[in-house]
Amino acid sequence: MRRRTLAVTAALAVSSMLVWGHPVATAQQAAPDHEIEARIGARWHADGRVEFGLQVRADTGGWGEILQPSRRFMPAARPSWRSTSRWLSTTPVALPGAEARVVARRLADGRVEASVRVRIELGEWSERLTERRRLLTGGGATGVWYWSSPVGLPSQWAQIVAFYGHPGVRSMGVLGHGTPADVAAEIAAWTERYDRLNGPRGAVGAYHLITGVAQANPTSDDTWLYRLPHDRIAPWVEAARQHGMLLFIDNQIGWSDPLAEVKLLEPFLREPFVHMALDPEFATQPLGVRPGRAIGGITGEQVNEVLLYLSELVQREGLPPKILMVHQFAGRMLHNRDVIVPQPGVELSIDMDGIGSPGAKLYGYELFAVTAPSQRPAFKLFFDQDNPLMSPETVLAMDPVPDVIIYQ
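The working numbering applies: residue 351 is where the sequence shown begins, and numbers increase by one.
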């Protein structure tokens, strides 16, 4: 394989009372700033089993269809049970913007206690939160749904579908193949494919614009870096605004400092839909060679500096959460990953980005993008070089599913 730039706690208490909750993350906002209103239901069957389901509040104010996990039955009580049973869990069910599972146990007196757990990180689920009314009894009736009171569940990030490149340079990616408007139409078509396939999670399109390009020859400031002028970045910002998209601005670092380069882009990072990406492959100053001669790298300490800066920017400007993406396909590209400290208002996304077979790409994804400190795994695909190009269906079958999908 040829490798290149290969990078809530909530619970729902069940009540025997019938009590009569969500917008999906909007375009231009990858991170939700709202909650989903949901309720949990249970019904007894004649054989003693208890079935569980979830409902979400619709935009009209009523309740949507009953969402049923594939494994959703609590077995019937046995005569030998004289104490509270262990917690049992349903399989996950997709809500509009979140993934949840019902957990329940049978008490010694025959009543059922149930909660909801929400996926909060890769492979991790929130703790149970017990509300005032949490116990349910079927009262002898079978086939009748009993509903809890509603509870707010934090919604999940919409999936991001991004096209990568540099204006006017076709060899660097799709963004070099046309105007911002031209590319926006193509991004919209691919985003729609993911939106149709990923259920209630939804998808939002993005430009991934290389604004700092590493150079093979020295520059006057000794950074070995060409910076796209602000007046050439601005049209992409306005196009993202107009088309309801996100924008990632990407810097290849060269012999410069990551934090210094990010600070130069602050006028754009003040926009709520603009996010940051760093490409350590071309950060070769510690090696003493020009970019492209060897695979470069940055340190966890340098990532911490950028995370802290972005966190302070988010808090000072009252912005929604930012994403900091770091590309990685080799261990040397990000030294001391274990020292990276998460910061409020910033999500770290490691992007596995490389040309190769699906098997090789998935191996790198599991090695770099899924493991800590990555909070939002990203995965890159190459239209012309990947053989075969993984389909959206194949990408969405990955475990875990990437939060960010980038096409070059």
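Note that beta-carbon positions come from the ideal geometry of N, C-alpha and C, so glycine has one too. Please read all numbers here as calculations on a predicted model, not as lab measurements.
Classification of residue i by the beta-carbon crowding that lies within 10 angstroms, buried from 16 upward
i	result
residue 463	buried
residue 437	exposed
residue 421	exposed
residue 623	buried
residue 744	exposed
residue 375	In this prediction, residue 375 scores a pLDDT of 33, lower than 50, which makes its location untrustworthy; the coordinate-derived value is nonetheless stated afterwards. Looking at its Cβ environment, which holds 16 or more other Cβ atoms inside 10 Å, residue 375 is buried.
residue 610	exposed
residue 476	buried
residue 689	exposed
residue 521	exposed
residue 580	exposed
residue 553	buried
residue 573	buried
residue 519	exposed
residue 407	buried
residue 697	buried
Nearest neighbour of residue i, chosen from the options [CA to CA]
i	options	result
residue 588	638, 572, 608 and 531	531
residue 416	724, 403 and 427	403
residue 625	502, 631, 615 and 468	615
residue 534	459, 690, 546 and 592	592
residue 720	547, 687 and 682	687
residue 516	546, 500 and 562	562
residue 409	637, 386, 577 and 540	386
residue 538	525, 646, 668 and 555	555
residue 590	512, 389, 439 and 458	512
residue 723	712, 494 and 657	657
residue 604	630, 619 and 596	630
residue 568	734, 596 and 635	635
residue 493	611, 692, 393 and 632	393
residue 396	521, 423 and 411	423
residue 710	445, 736 and 428	736
residue 660	682, 684 and 691	691
residue 621	638, 637 and 595	595
residue 528	586, 428 and 638	586
residue 582	526, 637, 681 and 755	526
Backbone CA spacing between residue i and residue j [nearest angstrom]
i	j	result
residue 751	residue 706	19 Å
residue 739	residue 747	14 Å
residue 557	residue 391	41 Å
residue 584	residue 608	21 Å
residue 650	residue 730	22 Å
residue 606	residue 671	26 Å
residue 565	residue 597	23 Å
residue 439	residue 619	42 Å
residue 662	residue 655	11 Å
residue 643	residue 733	25 Å
residue 640	residue 570	14 Å
residue 712	residue 542	24 Å
residue 702	residue 514	14 Å
residue 460	residue 469	29 Å
residue 708	residue 714	10 Å
residue 503	residue 578	41 Å
residue 507	residue 575	33 Å
residue 760	residue 612	One cannot answer for residue 760 here, as it falls past the ends of the chain, which runs 351 to 758.
residue 667	residue 749	35 Å
Check whether residue i and residue j have beta carbons under 8 Å apart
i	j	result
residue 699	residue 717	no
residue 426	residue 455	no
residue 448	residue 467	no
residue 753	residue 509	yes
residue 652	residue 695	no
residue 544	residue 727	no
residue 646	residue 679	no
residue 419	residue 452	yes
residue 648	residue 602	no
residue 458	residue 441	no
residue 758	residue 524	yes
residue 627	residue 599	yes
residue 388	residue 550	no
residue 478	residue 465	yes
residue 676	residue 669	no
Paired residues, beta bridge with residue i - DSSP
i	result
residue 565	BP columns for residue 565 are empty, so no partner.
residue 392	402 and 496
residue 648	684
residue 423	401
residue 449	444
residue 412	Bridge partners of residue 412: none, in fact.
residue 697	673
residue 570	None, per the DSSP bridge assignment.
residue 622	Answer is none; residue 622 lacks a bridge partner.
residue 601	562 and 628
Cβ-heavy atom distance, residue i to the ligand SAM, below 7 Å
i	result
residue 685	In the structure shown, the ligand SAM is absent, as is every other ligand, since no ligand is present at all.
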